[in-house]
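Heads up: the structure comes next, in structure tokens.
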Amino acid sequence: NVKETDILALFRITPQPGVDPVEAAAAVAGESSTATWTVVWTDLLTACDIYRAKAYRVDPVPGTNDQFFAYIAYECDLFEEGSLANLTASIIGNVFGFKALKALRLEDMRIPFAYLKTFQGPATGVIVERERLDKFGRPLLGATVKPKLGLSGKNYGRVVYEGLRGGLDFLKDDENINSQPFMRWKERFLYCMEGVNRAAAATGEVKGSYLNVTAATIENMYERADYANSIGTVIVMIDLVIGYSAIQTMAIWARKAQMILHLHRAGNSTYARQKNHGINFRVICKWMRMSGVDHIHAGTVVGKLEGDPLMVKGFYNTLLLTELKINLAEGIFFDRIG
Numbered sequence: 010n011v012k013e014t015d016i017l018a019l020f021r022i023t024p025q026p027g028v029d030p031v032e033a034a035a036a037v038a039g040e041s042s043t044a045t046w047t048v049v050w051t052d053l054l055t056a057c058d059i060y061r062a063k064a065y066r067v068d069p070v071p072g073t074n075d076q077f078f079a080y081i082a083y084e085c086d087l088f089e090e091g092s093l094a095n096l097t098a099s100i101i102g103n104v105f106g107f108k109a110l111k112a113l114r115l116e117d118m119r120i121p122f123a124y125l126k127t128f129q130g131p132a133t134g135v136i137v138e139r140e141r142l143d144k145f146g147r148p149l150l151g152a153t154v155k156p157k158l159g160l161s162g163k164n165y166g167r168v169v170y171e172g173l174r175g176g177l178d179f180l181k182d183d184e185n186i187n188s189q190p191f192m193r194w195k196e197r198f199l200y201c202m203e204g205v206n207r208a209a210a211a212t213g214e215v216k217g218s219y220l221n222v223t224a225a226t227i228e229n230m231y232e233r234a235d236y237a238n239s240i241g242t243v244i245v246m247i248d249l250v251i252g253y254s255a256i257q258t259m260a261i262w263a264r265k266a267q268m269i270l271h272l273h274r275a276g277n278s279t280y281a282r283q284k285n286h287g288i289n290f291r292v293i294c295k296w297m298r299m300s301g302v303d304h305i306h307a308g309t310v311v312g313k314l315e316g317d318p319l320m321v322k323g324f325y326n327t328l329l330l331t332e333l334k335i336n337l338a339e340g341i342f343f344d345r346i347g
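Residues are numbered in this note's numbering as their position in the sequence shown, beginning at 1, plus a constant of 9.
Laid out in structure tokens, this is it:
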């Protein structure tokens, strides 16, 4: 029986020809919990019946003849509290290379409140950010500085000023602008904040710019974030590619510094775009919510990047709402509170 405290995962499995889908689902459950490729006598030393994950439901995927939805339940005690690295090491760590499967995709998860509350979660919300920007009753309007690479610090700051002076609420760095030879990070930060302050003085409005503090090491990110804080910015940003532990670490820093933390989902399409293999971006949304970032790129139905309207709406709801009901059209497979 599935318990309220179980972590639930929904995998889309594509078994190799001749492999029973129920056996394939059971193999995924075993490998992502206590099992290995063979029988070992040390199984007798553990309570495997308790700790082994259970594939409790297998359904064919509508419109396909070789894909199945496998629902798997994990005992909460299998995972270290407050650690995305440990959670993902089990759930996605080793199962995606299974010979018995042609493809495997993690579509959705239900994180029980008992485990959810061991994570920090976002420090600010929509209301708090609106209060800091003094903007109510309308969407916030922002843009990204382009070209994202090649501008000098002075010209970069000019773009920030012109955009904010022209009516934007905020500008932001792009994912790959860090500290290159044509513009070092400190130069960019200073010119950006000069543009922000001049635009705020000219318009009488609160303005902002997301300063990307992504760097090679946590120590470098701390240095950049501390400097950004010291010159008056209210928001910094990081990239998804820095890794789950680094994201959680920067989220703790941001909460202590009373800074808003934005996450650019750089790299997510390497595993989120394929429909039968990888990880659905919905799951990344849940993990990032747990990690403590305040907001994240969640896609759009216009522009250069792929985006199905209902699925994108599902991403938004996953990020914004504290209570969700099953909505298959939006790709939401589990009820959620928290």
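Where is the CB? At the ideal position from N, CA and C, for every residue including glycine.
Pairwise C-alpha distance: residue j and residue i
i, j, result
"Glu339", "Asp117", "11 Å"
"Glu214", "Ser41", "51 Å"
"Leu17", "Arg345", "11 Å"
"Ile288", "Trp50", "34 Å"
"Asn336", "Ala307", "18 Å"
"Leu158", "Gly252", "23 Å"
"Tyr236", "Leu220", "11 Å"
"Ala225", "Ile186", "13 Å"
"Tyr231", "Val250", "17 Å"
"Val205", "Ser218", "7 Å"
"Lys322", "Thr309", "9 Å"
"Lys216", "Gly172", "10 Å"
"His273", "Asp248", "5 Å"
"Tyr60", "Cys85", "9 Å"
"Ile100", "Val137", "33 Å"
"Val168", "Thr212", "16 Å"
"Leu329", "Val48", "44 Å"
"Cys201", "Ala263", "20 Å"
"Gly146", "His271", "22 Å"
"Gly102", "Asp58", "21 Å"
"Lys334", "Asn10", "21 Å"
"Asp75", "Leu53", "36 Å"
"Val104", "Ala210", "55 Å"
"Gln283", "Met320", "14 Å"
"Val222", "Ile261", "15 Å"
Enclosing beta strand (DSSP E) for residue i [first to last residue]
i, result
"Pro69", "Lys63 to Pro69"
"Thr23", "Ile16 to Pro24"
"Met246", "Ile244 to Asp248"
"Ala152", "Gly151 to Thr153"
"Leu220", "Gly217 to Asn221"
"Ile269", "Ile269 to His273"
"Leu180", "Phe179 to Lys181"
Top-ranked residue by Cα proximity to residue i, from the options
i, options, result
"Leu149", "Asp178, Ser41 and Pro69", "Asp178"
"Lys163", "Glu203, Arg114 and Gly102", "Glu203"
"Ala112", "Arg21, Phe343, Leu249 and Glu228", "Arg21"
"Arg233", "Ala211, Lys195, Ser218 and Gly217", "Lys195"
"Gly175", "Arg61, Ala208 and Leu19", "Ala208"
"Val70", "Leu19, Gly102 and Ala109", "Leu19"
"Arg139", "Cys57, Val67, Val243 and Glu228", "Val243"
"Leu125", "Ala211, Leu53 and Gly91", "Gly91"
"Asn229", "Tyr200, Leu93, Phe88 and Arg193", "Arg193"
"Thr55", "Ala123, Gly172 and Leu87", "Leu87"
"Gln189", "Leu160, Val168, Ile136 and Ala152", "Leu160"
"Thr279", "Phe107, Leu93 and Arg114", "Arg114"
"Lys12", "Ala152, Ala94 and Phe122", "Phe122"
"Gly106", "Gly146, Val222 and Gln25", "Gln25"
"Glu89", "Ala152, Phe128 and Gly72", "Phe128"
"Ile293", "Leu93, Tyr83 and Ala152", "Leu93"
"Tyr83", "Pro156, Ile227 and Leu96", "Leu96"
Span of the alpha helix (DSSP H), counted from its first residue to its last, around residue i
i, result
"Ile227", "Ile227 to Ser239"
"Gly172", "Gly162 to Arg174"
"Gly204", "Trp194 to Thr212"
"Glu116", "First-last for Glu116: Leu110 to Arg119, but that is the beta strand (DSSP E), not the alpha helix (DSSP H)."
"Gly323", "Pro318 to Leu329"
"Thr279", "Ser278 to Ala281"
"Ile81", "No alpha helix (DSSP H) holds Ile81; the beta strand (DSSP E) holding it covers Phe77 to Tyr83."
"Lys126", "Run containing Lys126: none; DSSP gives neither H nor E here."
"Phe290", "Phe290 to Ser300"
"Gln257", "Tyr253 to Ala266"
"Arg139", "Val135 to Leu142"
Cβ distance (whole Å) where residue i is taken to contact residue j below 8 Å
i, j, result
"Phe191", "Ile240", "Contact doesn't hold; Cβ gap of about 21 Å is too wide."
"Thr327", "Lys295", "6 Å"
"Val154", "Tyr170", "Their Cβ separation, rounded to whole angstroms, is 11 Å, which puts Val154 and Tyr170 out of contact at 8 Å."
"Thr14", "Asn285", "Incorrect: roughly 31 Å between the Cβ atoms, too far for contact."
"Ala184", "Ala275", "Note that residue 184 is Glu in the sequence shown here, rather than Ala. Between Ala275 and Glu184 the Cβ distance is about 4 Å, and since that is below 8 Å, they are a contact."
"Ala34", "Ala64", "4 Å"
"Phe324", "Arg298", "Going by Cβ atoms, the distance from Phe324 to Arg298 rounds to 11 Å, so no, they are not a contact pair."
"Met246", "Lys181", "7 Å"
"Ala109", "Ala38", "So it is not a contact: roughly 13 Å between Cβ atoms."
"Phe343", "Arg119", "4 Å"
Do the region 300–308 and the region 252–266 touch if we need at least three Cβ pairs shorter than 8 Å? yes
Is there contact here, the region 28–42 with the region 67–81, by at least three beta-carbon pairs under 8 Å? yes
Assess contact between the region 260–274 and the region 129–148, defined as three or more Cβ pairs (one per stretch) separated by less than 8 Å. Is contact present? yes
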